[in-house]
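A short write-up of the structure that comes next.
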Amino acid sequence: MDDKKEKMPLEIHDTICCIQKLIDKKSYEEALTLCHLNLCSTNKKIVILKIHILFKLAKYLEIITECEKAYTIWPEEHFLKSKNTAISHLVGEHIKKDEYEKALKYLTNEMCYQDDVLLGQKITIYIRLERFVEALAICPSLTTTHNSYLEKKKISILFRLKNYNEIIRECSLASRIWKDDYFASAKNTAVGHLVKEMNQRGAYQEALALFKKEFIYERDKDIIKSILKELENNGKFTEEIEYFTDELCCLYKDFYQKKIFLLFILKRYEEILEEALKAFLFWKDACFLKSRDTAISHLIKSLVSNGKFEEALKYYSYDFCEPNLILETQKIMILLELERYQDVIDVCTENLKIWKKEPFFIERRKQALEFVNTQRMIKENPYLTKIYFNALSFEELETLEIEEFEKMILKLAFYEKSQKVCDYKKGLQLIKMGLFSTVFSEQQKSLLGNLKEKFISKISSKRYKLVDWNYYCSILNCFIDKDYETKEKSSLRQLKIKK
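The opening position of the sequence shown corresponds to residue 248 in our numbering, with each subsequent residue numbered one higher.
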């Protein structure tokens, strides 16, 4: 009896060594035969080896049984872990076969709460079965010790349920715990969905506030594009442009270009001047300066059409990206309107260095030179001055006792000043009468012929055109007294004082 007790440990040791050798040789079935029931109930090492062999043979049901028996004898954690691993393999096989109900029988709530892998499998099954509310109910709350895999499952469920506000909250917290791009992208996607929904129901400011607060600009450019495209398709340009924040435009040059394009659509030219310069300073791309120059052209055109010549002239202080013939032509017309003839000469001279033999600059420089040279010899014409300041009615003009040709020229100036098509037609009719007159000289008729072309051009054009007062002055050999209004007011004050 004593001899047997001494031999037992040696027999067990030999058995363990033999089992281990067979495992090394991958002779798992043979090794399993050595794991006798009586040995397994008395020796933990042999039980562990048996479980290992059963895993190799993928006999998961037997593993579960063995682990449960072993745990009753040796209540140790690794037997529970092995059991859960075996259950996980079984569940995985059922999932592959779409046998979801069979798989769920193994996944008790108690077991799942103890093992994240099993919990993840149960959530997966609920998702496959579209039981999203149940899946969400068993998802654990987010903590620093939480499993990121389970959190991603949770977010995918929230997407199915279209609970975008909760996704934004979860992803914001998750991004602080894990440096995982998934959460940033998921958050942006959720923000994109919410913004679109808000815009669709007309809550534009609410949508914009959410976008600015929650969207991560340096990611998911396509989501931003989809938001903007939807607004643009609905013609919501004013709302769309608000999304082009400084942060966004400094990340993506094409967004800055699009912002300026929208400002052109909205005719917000003064904003373009500021934005285009900022864009150029940041991106160093000349296309932004060209956009600024185009905006200046629009502003000048608008100011000129409203008679604000001095204000329009201020925009020429900008350094243009490249020479612009239209802008320079417009500048000459403004300077002529303001009777700044020396400036006309200087500007034309500079422009002829760029646009050699350009007729417009040659003619206007010649015209200005002639005016400057003869200015001292020319007398002020009170009637043309009054027409310029709307201080002479047509009836008064008719009663003037002046030379017939001078009166005709003054009438034509009056008609052109009105900017009305009907008056242009009256002027044209008057010119035709003058051309057939036997009183006027050939030189006078030649001047009327030039005016005829001007009136025909104005009748056919829908755009506002400046009155070329300098031309009328050159015909009448006079100048317009631009201080007329000031002198008149002063005279009236003196008259009141005398009374």
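The beta carbon of each residue, even a glycine, is placed where N, CA and C say it ideally should be.
So the candidates are the options; which of them puts its Cα closest to the Cα of residue i?
i, options, result
"Asn290", "Lys306, Glu313, Lys303 and Lys272", "Glu313"
"Ala456", "Glu465, Arg466, Asp469 and Leu441", "Leu441"
"Glu377", "Leu408, Ser388, Met358 and Glu700", "Leu408"
"Ala660", "Ser640, Arg416 and Glu648", "Ser640"
"Leu550", "Leu723, Lys712, Ile512 and Ser538", "Lys712"
"Arg612", "Thr436, Glu642 and Met580", "Met580"
"Gln447", "Leu574, Leu475, His283 and Leu301", "Leu475"
"Cys534", "Ser552, Cys568 and Ile512", "Cys568"
"Asn356", "Asp345, Glu348, Glu346 and Lys369", "Lys369"
"Lys699", "Leu677, Cys720 and Val714", "Leu677"
"Lys443", "Lys426, Ile471, Lys306 and Leu420", "Ile471"
"Phe529", "Leu513, Glu494 and Asn553", "Glu494"
"Ser693", "His325, Ser395 and Ile722", "Ile722"
"Tyr347", "Glu258, Phe527, Ile372 and Leu644", "Ile372"
"Leu524", "Lys514, Gln504, Leu509 and Leu513", "Gln504"
"Lys303", "Tyr360, Leu269, Cys720 and Lys316", "Leu269"
"Thr733", "Leu695, Ile488, Glu642 and Thr632", "Thr632"
"Asp363", "Leu351, Ser335 and Phe379", "Ser335"
"Gln666", "Leu695, His325 and Ser552", "Ser552"
"Cys359", "Cys264, Lys548, Leu327 and Ser432", "Leu327"
"Thr262", "Glu276, Leu682, Glu277 and Leu281", "Leu281"
"Gln614", "Leu397, Tyr719 and Ala333", "Tyr719"
"Ser228", "Gly554, Asn571 and Ala559", "For residue 228 there is no data in the structure shown, the boundaries of the chain being 248 and 746."
"Asn412", "Leu389, Asp467, Ser395 and Thr436", "Thr436"
"Asp427", "Pro387, Asn394 and Cys497", "Asn394"
"Val338", "Leu354, Ser329 and Lys272", "Leu354"
"Ile293", "Phe430, Ala305 and Cys264", "Cys264"
"Phe484", "Asp501, Ile507 and Ile463", "Ile507"
"Ile547", "Ala526, Leu536, Glu517 and Phe527", "Glu517"
"Ile592", "Leu616, Phe430 and Glu258", "Leu616"
"Ile463", "Thr492, Ala450 and Gly482", "Thr492"
"Phe379", "Lys603, Gly681 and Asn410", "Asn410"
"Lys344", "Arg375, Gly696 and Phe502", "Arg375"
"Ile212", "Tyr499, His283, Thr596 and Arg515", "Look at the range of the chain in this structure, 248 to 746, and you will see that residue 212 is not part of it."
"His283", "Glu258, Lys272, Asp730 and Ala638", "Glu258"
"Met655", "Val668, Asn628, Leu695 and Phe702", "Leu695"
What whole-angstrom Cβ distance do residue i and residue j have, given they're in contact under 8 Å?
i, j, result
"Phe458", "Val438", "6 Å"
"Ile342", "Leu366", "The Cβ separation is near 14 Å, so there is no contact."
"Ile310", "Ile298", "6 Å"
"Lys673", "Tyr662", "6 Å"
"Asp590", "Leu582", "5 Å"
"Lys751", "Cys418", "The question about residue 751 has no answer, for the chain in this structure spans 248 to 746."
"Tyr635", "Trp716", "7 Å"
"Ile402", "Ile414", "6 Å"
"Phe652", "Gln691", "5 Å"
"Leu644", "Leu657", "6 Å"
"Leu513", "Glu522", "Not really, about 12 Å apart at Cβ, beyond 8 Å."
"Phe556", "Glu584", "5 Å"
"Leu647", "Tyr630", "7 Å"
"Ile266", "Leu296", "5 Å"
"Ala421", "Glu453", "With 8 Å as the limit, Ala421 and Glu453 do not qualify as a contact, their Cβ atoms being about 25 Å apart."
"Glu487", "Leu478", "4 Å"
"Ile404", "Leu389", "That pair is no contact at about 13 Å."
"Ala333", "Tyr307", "4 Å"
"Ser190", "Asp469", "Because the chain is modelled from 248 through 746, residue 190 falls outside the range shown and cannot be assessed."
Have a look at the DSSP bridge pairing and note the partners of residue i.
i, result
"Phe379", "Note: Phe379 sits in no beta bridge, so no partner."
Original post:
Pairing CB atoms from the segment 540–549 with CB atoms from the segment 557–570, are three or more of them under 8 Å?
Top reply: yes
Subject >> Continuous alpha helix (DSSP H) assignments of at least 4 residues falling wholly in the segment 453–532 >> reply: 468–480, 484–488, 493–498, 500–512 and 516–530
Original post:
At which residue ranges does the segment 589–668 contain complete alpha helix (DSSP H) runs of 4 or more residues, listed in the order of the chain?
Top reply: 606–621, 629–635, 641–645 and 651–665
Subject >> Cβ contact (3+ pairs, closer than 8 Å) linking the segment 683–691 and the segment 705–721 >> reply: no
**OP:** Return the chain-ordered ranges of every alpha helix (DSSP H) run that is complete within the segment 406–432 and spans a minimum of 4 residues.
**Re:** 411–424
Subject >> alpha helix (DSSP H) segments (min. 4 residues) lying fully within the segment 540–571 >> reply: 556–561
Subject >> Runs of alpha helix (DSSP H) lying entirely within the segment 314–358, each at least 4 residues, in chain order >> reply: 324–343 and 347–353
Subject >> 4 or more residues per run - each alpha helix (DSSP H) lying fully within the segment 681–730 >> reply: 689–707 and 716–723
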